[in-house]
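Counting in the working numbering, the sequence shown runs from -5 upward without gaps.
Before any comments, here is the structure.
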Amino acid sequence: MSIDATRIFGGAADDYDRYRPDYPVAAVRAAVRDVEVPADAVDIGCGTGKFAAVLADIGFRVTGVEPDEQMAAVAARRGFPIQVRTFEDWRPSARAYDVVACAQAWHWLDPRTRADKVAECLRPDGLVLLAWNLPLGQDELDADLADIAHRVLPLGWDRAARAAERSFPLDVDLFAEELQTSGFRQVDVESTPWTRSYTAVEWARLVGTASTYRTLPEASLDRFLDAVEEHVDTRLGGVVQAAYACVLLTGRGGPR
């Protein structure tokens, strides 16, 4: 089984919106501080609109682009326009945006065209803003999940997920170099640590939104998530303190 990178998360859209970590508003505000609002922004691969909502709260007029209809439907509840299409099929007007954002999705886009396409739709001295919430010091939690998966899932269950990781690597340093070689200026990376608490149920539902597990048959996924919930309740006191680094990669593009 191969992973459809554009539509892998739709079956968990509501859980994705509810349990995926948000983005520290102060960090995002600092990243766009030189852009005078109101201004126009587009969020590529906006998912359920979590990052786009932060931009809207800061004062941007936001449009979302999202290929998965179920994810887009959740995003549309937030009140900004959504174009339901892949990044590759999206046809933006030239120089239409002051900010082009992409949160948790840059590595899913075609690396042969993504930087150039973003540059073409930025206004003079426009800003590209790439964002990720990356796990911080979660090795023990990851080991717990691996142990549970080994215990309750069939051998080779993660073959498709491992193939996807090879095909869509997530490497922020590599992405920064990509922007620089594509002509973006003032490329910068900022990282903000923060934490979120999850109950056993919440942690299991969050785990169920990960691409690693989205390819599982429904019965296998349910069995795995039940085991995750039980583990948190019985071994971790019913609460997971999850640490993240909100990583924001920015660069200036468009005509000078």
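Note that beta-carbon positions come from the ideal geometry of N, C-alpha and C, so glycine has one too.
Note that this is a predicted model, so its numbers are computed, not measured.
### Task
Put TRP188 into one of helix, strand or coil per three-state DSSP.
Strand, per DSSP.
### Task
Using three-state DSSP, classify VAL241 as helix, strand or coil.
Residue state for VAL241 is assigned as strand, using DSSP reduced to three classes.
### Task
Identify the continuous alpha helix (DSSP H) that holds VAL19 and give its terminal residues.
That run of the alpha helix (DSSP H) goes 19 to 25.
### Task
Quickly, what does DSSP pair CYS334 with across the bridge? List them, please.
There is no way to answer for residue 334, as the model of the chain reaches only from -5 to 250.
### Message
When you compare the CB positions of GLY120 and GLY39, do they come within less than 7 Å of one another, or not?
### Response
No, the pair does not count as a contact, with Cβ atoms beyond the cut-off.
### Query
Are the segment 137 to 144 and the segment 219 to 226 touching by the rule of at least three beta carbon pairs closer than 8 Å?
Counting C-beta pairs closer than 8 Å gives three or more between the segment 137 to 144 and the segment 219 to 226, which meets the contact rule.
### Beta-carbon proximity check, GLY202 vs LEU219, cutoff 7 Å
Between GLY202 and LEU219, the C-beta gap is smaller than 7 Å, which places the two residues in contact.
### Query
Nearest-angstrom Cα distance between ALA95 and ARG217?
Straight-line Cα distance between these residues: approximately 36 Å.
### Query
Where DSSP assigns a beta bridge to TYR91, which residues make up the other side?
When DSSP reads this structure, TYR91 sits in a beta bridge with LEU116.
#### Entry: Range covered by the beta strand (DSSP E) that runs through THR228
Careful: THR228 lies outside any beta strand (DSSP E), inside the alpha helix (DSSP H) at 212 to 229.
### Query
TYR238 and PRO15: beta carbons closer than 7 Å?
In contact: TYR238 and PRO15 (Cβ atoms closer than 7 Å).
### Query
For ALA90, which option in LEU128, ASP136, ALA33 and ASP62 has the closest C-alpha, if you only look at C-alpha atoms?
The residue among LEU128, ASP136, ALA33 and ASP62 with its C-alpha nearest the C-alpha of ALA90 is ALA33.
### Query
Between which two residues does the alpha helix (DSSP H) containing ASP8 stretch?
Counting along the chain, the alpha helix (DSSP H) containing ASP8 begins and ends at 7 to 13.
#### Entry: Assumed close pair ASP62, PHE3 - CB separation to whole angstroms, cut-off 8 Å
Contact between ASP62 and PHE3 holds: their C-beta atoms lie close to 6 Å from each other, under 8 Å.
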